[in-house]
Amino acid sequence: MYVYEYQRSIWPWKHWHPVIKVFNWADIHAERVLMAGHADWGHRIYCAACKPGTYEVEYRFILTWSVGSIYDAYGLWSHCCHYMQFKPVPETPLITHTPLSWTPFNTIRWPEETDRESTTAPEI
Numbered sequence: 001m002y003v004y005e006y007q008r009s010i011w012p013w014k015h016w017h018p019v020i021k022v023f024n025w026a027d028i029h030a031e032r033v034l035m036a037g038h039a040d041w042g043h044r045i046y047c048a049a050c051k052p053g054t055y056e057v058e059y060r061f062i063l064t065w066s067v068g069s070i071y072d073a074y075g076l077w078s079h080c081c082h083y084m085q086f087k088p089v090p091e092t093p094l095i096t097h098t099p100l101s102w103t104p105f106n107t108i109r110w111p112e113e114t115d116r117e118s119t120t121a122p123e124i
């Protein structure tokens, strides 16, 4: 699993550099959080990258920002699990609109070798 994030600085005017992290899918676990704030309400899915064979979290990242229904959150995680395990995924979309957090920004540029590696099936 490939995660593209920006290394943030405490200084808002400083350039944030992209950082690519690579994790083994077998070490990824989902964490559902209910956000109940004024401006952010709903269920959010975080991914926890754990040490191999344990539940000791080494790194967390957001899979999706808040979705209104718990069923949408669980459905999204189920879809990801099926996809990553090469199982069939439903052809009808669970969410019919494209959330803003799913649309890639124009500034995301994967390094060429990472892009090739992430879109090529492993040799078995």
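Numbering-wise, my numbering puts 85 at position 85 of the sequence shown, and it's gapless, one number per residue. Even glycine gets a Cβ: it sits at the ideal position worked out from N, Cα and C. Treat the numbers as computed from the prediction; the structure is a model and nothing was measured.
Residue from the options with nearest C-alpha to residue i
i: A30; options: V19, C50 and H38; result: C50
i: D27; options: W110, P122 and R60; result: R60
i: L34; options: H17, H15, Y74 and W11; result: Y74
i: P111; options: G37, E91, E123 and P18; result: P18
Extent of the continuous beta strand (DSSP E) run through residue i
i: W65; result: V57 to V67
i: I20; result: H17 to V22
Simplified DSSP assignment, three categories, for residue i
i: H38; result: coil
i: E5; result: strand
i: A26; result: helix
i: R44; result: strand
Whether residue i touches residue j by CB criterion (8 Å)
i: R32; j: I45; result: yes
i: S118; j: Y6; result: no
Cβ neighbours of residue i in the same chain (closer than 6 Å, five flanking residues each side left out)
i: C47; result: I28, F61 and L63
i: F23; result: M1 and A49
Contacting residues, own chain, Cβ-Cβ under 7 Å from residue i (five flanking each side not counted)
i: T114; result: Y2 and I20
i: R8; result: W16
Range covered by the alpha helix (DSSP H) that runs through residue i
i: W77; result: I70 to M84
i: T114; result: E112 to S118
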